[in-house]
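Student: Quick note: to get the numbering used here, add 8 to the position in the sequence shown (first position is 1). Structure incoming, see below.
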Amino acid sequence: MTSSALRLPAVLLAAVALTSAALATVTEKFSQTYPLNADGTVSLDSVNGTVEIVGWDKNEISVEAEKIASDEAGLKRMEIVVDASPARIAIKTKLEKKWFSLSFNRAEVRYKLRVPAGASLKKIDVVNADVSVRGVTGYVDLDSVNGSIEADGLAAGGRFDTVNGSIRATFAKISPTDRIVLDTVNGSCTATLPADAAFTLKADSVNGSISCDYPITIARSGRRHLNGTVNGGGAEVVLDSVNGGLSLRAAK
9 MTSSALRLPA VLLAAVALTS AALATVTEKF SQTYPLNADG TVSLDSVNGT
59 VEIVGWDKNE ISVEAEKIAS DEAGLKRMEI VVDASPARIA IKTKLEKKWF
109 SLSFNRAEVR YKLRVPAGAS LKKIDVVNAD VSVRGVTGYV DLDSVNGSIE
159 ADGLAAGGRF DTVNGSIRAT FAKISPTDRI VLDTVNGSCT ATLPADAAFT
209 LKADSVNGSI SCDYPITIAR SGRRHLNGTV NGGGAEVVLD SVNGGLSLRA
259 AK
């Protein structure tokens with residue numbers, strides 16, 4: 009056996025050790041509960057991680073988060089800042105500016121919020137994070153860069169905006185005064201509404217198909233556009249995509 013052959017296992021072991029070290033992480037938990045009115049507002053600003061928001065029947069918000077970093081120093085450079093009152097709560101992941109610019113991709117925060125079902129998500133703004141929402145019946149405003157958005161059980165208007173991510177929003181009910189906007193760059197949009205919904209549709213896709221389950225009175229149509237009314241009009245529904253298909257589905 010040659011000396012180079014003998015050295016190979018040692019080299020492989022060293023590579024495995026280096027890889028394991030690179031993947032090693034440390035974590036820190038955050039868990040707090042704050043009073044919040046049934047119609048209170050919630051905002052969140054974060055970079056890297058995930059966001060899950062669930063509606064519940066309590067007049068309080070539960071904020072659970074897990075900070076993840078490659079070392080203890082990384083954990084200390086991330087701070088979860090909460091500004092809370094019974095009417096509103098603002099949550100922010102605060103990172104040291106220098107560390108954020110050089111190595112922010114080494115750390116993340118995974119949030120799980122339980123909010124009053126009737127609360128409004130005033131502004132959920134994330135970068136490099138997926139967002140999921142379930143059972144929130146107030147107005148929702150979700151914005152993600154490099155992440156997808158999924159929302160179910162909605163019952164008011166909303167705005168959903170992504171860059172490099174898909175959007176899927178399902179509404180249990182809508183009102184004539186609601187405005188629903190799904191807007192993405194490099195991603196698909198799918199909105200599901202009640203089968204008997206009445207609304208005005210404006211759909212535009214630069215590079216993608218447009219499909220609609222509803223019989224629509226067409227005001228304007230083409231390869232990249234579909235405008236018209238369903239059941240006489242009512243709520244305003246806007247779907248817009250660059251490089252992605254648009255789908256409007258009727259709930260079964």
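Using N, Cα and C, we set each Cβ at its ideal position, and we do this for glycine too. Remember, it's a predicted structure, so these values are computed and weren't measured experimentally.
Out of Asp138, Asn239, Ser219 and Arg257, point me to the one whose CA is closest to Thr58's CA.
Tutor: That would be Asp138, whose Cα lies nearest to the Cα of Thr58.
Student: With which residues is Thr185 paired in a DSSP beta bridge?
Tutor: In the DSSP output, where bridge partners are listed per residue, Thr185 has none listed.
Student: Between Glu68 and the rest of its own chain, which residues show a CB-CB distance below 6 Å, the 5 nearest in sequence each way excluded?
Tutor: Excluding residues within five positions, the ones whose Cβ falls inside 6 Å are Thr41, Pro43 and Leu44.
Student: With Ala180 as the anchor, note down where its beta strand (DSSP E) starts and where it stops.
Tutor: Element bounds for Ala180: n/a, residue is neither H nor E.
Student: Is Arg96 helix, strand or coil when you go by DSSP?
Tutor: It is a strand residue.
Student: Count the other CB atoms, across all protein chains shown, that sit within 10 Å of the CB of Ala177; report buried if there are 16 or more and exposed otherwise.
Tutor: That one is buried.
Student: Let me know if Asp79 comes out buried or exposed under the rule of 16 or more other beta-carbons within 10 Å of its beta-carbon.
Tutor: Per the 10 Å Cβ criterion, exposed.
Student: If we ignore side chains and look at the alpha-carbon of each, how far apart do Asn251 and Ser219 end up?
Tutor: Distance between the alpha carbons of Asn251 and Ser219: 15 Å.
Student: Just curious, the beta strand (DSSP E) that Ser75 is in, first and last residue?
Tutor: According to the sequence shown, residue 75 is Lys rather than Ser. Residues Glu68 to Ala77.
Student: Under 6 Å Cβ to Cβ from Lys163, same chain only, skipping five residues before and after it: list those, please.
Tutor: Reading off the sequence, residue 163 comes out as Ala, not Lys. Counting only Cβ-Cβ distances below 6 Å, and skipping sequence neighbours, we find Thr145, Ala180 and Lys181.
Student: With DSSP run on the structure shown, which of helix, strand or coil describes Glu80?
Tutor: Helix at Glu80.
Student: With 16 other CB atoms within 10 Å as the buried threshold, where does Arg85 fall?
Tutor: It is buried - the Cβ of Arg85 has at least 16 other Cβ atoms within 10 Å.
Student: Is Ile226 buried or exposed, if buried means 16 or more other CB atoms sit within 10 Å of its CB?
Tutor: Exposed is the call here.
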